[in-house]
Amino acid sequence: MSITPQMENFVNNRVIEQPCCKVSVEIIPQAIFEEVHLSVTVQKPITVVPSSELYTNLTTTTSLICCIYIGASYAIPNLEIEVVASYITNLGVSRVCTKTATVPLHLVYETCPPLKDGQHRITLNLSENSVPLLELFPEFMGENSLSSASNAIGFKHFMVNSPAVTILVAKSYRRYRLQSDDIICLNLLVQEVTRRLKNNVNNANITISYTSQLPITDFLTYVKEHFETNQKVTNLQNELNVLSSQYRQIQKRLVVKFKQRNPTPLGNLDILLQTTYEDIINAITNLTEEKNQLLDSQIKLACVLNLIQCLLNLIDTNDKNMEAINATFLSRIYDYENQNWEDVIDAALCFLLRTSLAKSEKDKLRAPHTSFEEVKDIPKLEKHFTQVLERIAKGCAMDVEDEKDAIETVNEECQKETEEINDIGTEFAAASTRAISA
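Right, here's the structure in full:
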């Protein structure tokens with residue numbers, strides 16, 4: 001898979017206002033494949049066209065060219081693009097292959113004059129000498145006087161009217177400081193600086209750490225905003241269902257009135273029908289606006305989740321711990337009809353607090369959290385988030401093996417209960433047989 005760094009302004013021979021880049025995915029089959037389904041996924045608001053393609057009887061090298069561009073004026077959670085190839089071999093066995101890459105930073109940001117200060121600051125500490133900014137961001141050379149001697153650079157989202165992000169490098173202190181007036185804007189550049197430092201050839205053994213406090217308060221603000229917006233959407237959907245049912249009932253009553261041989265007064269049913277219709281239109285308008293607000297809150301929450309996840313990985317470098325952290329703090333925000341994002345994350349947090357992040361052995365012996373209930377109390381969820389983040393930041397021991405042992409313990413208990421039930425059922429059946437034979 002290859003990505004062209006050159007920005008263009010057309011997609012499928014159609015001119016668009018914002019630049020886009022091309023992604024070329026090449027499939028080289030080593031055998032005959034009956035079906036190959038290729039899908040390219042990105043996180044909103046980034047858009048990819050085409051997003052999928054189906055190939056049949058694939059025997060020769062085939063390539064798929066996609067165009068990626070920013071589909072809406074929202075913040076960008078990450079620049080990762082994932083290509084998934086699911087195929088069926090000639091033996092009828094299904095397989096899945098994945099490949100990830102990163103979209104060029106030029107697609108989202110443009111340089112601007114650096115700012116002297118910012119309300120939110122993230123400081124990254126290095127184990128070796130800092131890499132010059134021109135070496136980290138060579139594609140922006142010459143823009144806003146960026147040179148080899150520059151110790152500061154500013155970035156600004158070219159589609160969203162958001163505050164700029166300034167990156168300062170301190171060569172003598174081996175650290176980078178990223179600052180902005182909006183914590184949402186820091187997310188993408190913290191990820192990029194971390195990724196580019198780790199991929200730097202000259203500093204292959206560099207270690208990046210974060211020792212400051214986690215932005216828990218700002219994170220919980222966006223969690224609460226998403227929860228409240230989702231509740232508004234749910235209430236409007238329920239209201240729309242009630243109004244629709246009422247509208248149908250009024251229509252039925254009017255049909256009955258019109259079918260009568262002897263006309264009777266409508267009893268203001270026509271006025272009630274018109275009023276209900278207007279209420280439905282207002283509810284639909286409000287629901288559309290709230291859904292847009294929900295999408296905005298989902299993207300903002302995903303940005304903060306990515307930032308928290310990145311900082312947690314810099315605090316704790318244990319690979320096993322990183323797997324547990326990444327599995328818990330997923331940045332994909334899904335709100336289904338019967339299960340919201342808060343419901344899933346609360347269950348994961350409770351599991352961590354009772355297993356690997358437990359304060360004592362007594363907490364580990366408590367009954368595991370196996371029930372999945374709808375989150376109705378947002379302060380309780382905020383408390384769970386605060387406890388998990390504070391314990392990880394303080395260096396609380398996380399052992400993935402403990403989690404596996406806890407899962408095995410739960411499975412053993414369930415198996416014992418099942419065996420006991422089976423034994424009771426067997427005894428009852430034997431007693432019934434003896435009673436019948438007697």
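Under full-length UniProt numbering, the first residue of the sequence shown carries the number 1, and numbering increases by one thereafter. Every residue, glycine too, gets a C-beta built ideally from N, C-alpha and C.
Start-to-end residues for the beta strand (DSSP E) that takes in Arg-175: 175-180
Cβ-heavy atom distance, Thr-285 to the ligand NAD, below 6 Å: With respect to the ligand NAD, the structure shown offers nothing to examine, as it has no ligands at all.
Beta carbon of Asn-235 nearer than 7 Å to that of Asn-78: no
Span separating the alpha-carbon of Leu-178 from that of Glu-323: 26 Å
Segment contact flag, the segment 264-277 with the segment 285-297, C-beta cutoff 8 Å, min 3 pairs: no
Proximal residues to Ser-314 (C-beta, below 8 Å), its chain only, five neighbours per side dropped: Note on identity: in this sequence residue 314 is Leu, with Ser being the wrong assignment. Result list for Leu-314: Leu-124, Thr-194, Ile-208, Ser-209, Tyr-210, in chain order.
DSSP state of Ile-70 mapped onto helix, strand, coil: strand
Local Cβ density within 10 Å of Asp-346, reported as buried at 16 or more and exposed below that: buried
Own chain residues within Cβ distance below 7 Å of Gln-237, not counting five before or after: Leu-287
Ile-88 vs Glu-35 beta-carbon contact at 7 Å: yes
Beta-bridge partners of residue 439, as assigned by DSSP: Residue 439 is absent from the structure shown; the chain starts at 1 and stops at 438.
Ser-24 (DSSP reduced to helix, strand or coil): strand
Enclosing beta strand (DSSP E) for Ser-245 [first to last residue]: Element bounds for Ser-245: not the beta strand (DSSP E) but the alpha helix (DSSP H), 216-259.
Spatially closest choice to Cys-310 from Lys-300, Ala-101, Ser-331, by CA coordinates: Ser-331
Cβ separation of Val-48 and Ile-68, assumed to be a contact under 8 Å, to the nearest whole Å: 5 Å
Residue from Asn-230, Ser-130, Leu-134 with nearest C-alpha to Tyr-336: Asn-230
Which residues DSSP lists as bridging Cys-303, in chain order: None; Cys-303 has no bridge partner.
Residues of its chain near Leu-349, where Cβ-Cβ distance is below 6 Å and the 5 sequence neighbours each way are ignored: His-384, Val-388
C-alpha gap between Leu-38 and Asn-151, whole angstroms: 43 Å
Residue nearest to Gly-92 in terms of C-alpha spacing, selected from Ala-31, Lys-156, Leu-294, Ala-358: Ala-31
Thr-111 versus Ile-153, Ser-73, Ser-127, Glu-135, residue with shortest Cα-Cα distance: Ile-153
Cβ distance (whole Å) where Ile-280 is taken to contact Leu-243 below 8 Å: 5 Å
Among Leu-352, Gln-298, Leu-188, the one whose alpha carbon lies nearest that of Val-103: Leu-188
DSSP beta-bridge partners of Ala-152: Leu-168
Cβ-based neighbour list, Val-160, same chain, cut-off 8 Å, excluding 5 preceding and 5 following: Ser-73, Tyr-74, Ala-75
With 16 other Cβ atoms within 10 Å as the buried cut-off, status of Val-131: buried
Chain-order list of residues whose beta-carbon lies under 7 Å from that of Leu-301 (same chain, five-residue window excluded): Tyr-222, Val-223, His-226, Ile-333
Reduced DSSP category for Phe-33 - H, G, I as helix; E, B as strand; rest coil: strand
Neighbour-count burial assignment, Gln-119, 16 or more Cβ in a 10 Å radius: exposed
Limits of the unbroken beta strand (DSSP E) element including His-384: Here His-384 belongs to no beta strand (DSSP E); instead the alpha helix (DSSP H) covers 378-393.
Run of the beta strand (DSSP E) containing Ala-85, from where it starts to where it stops: 80-89
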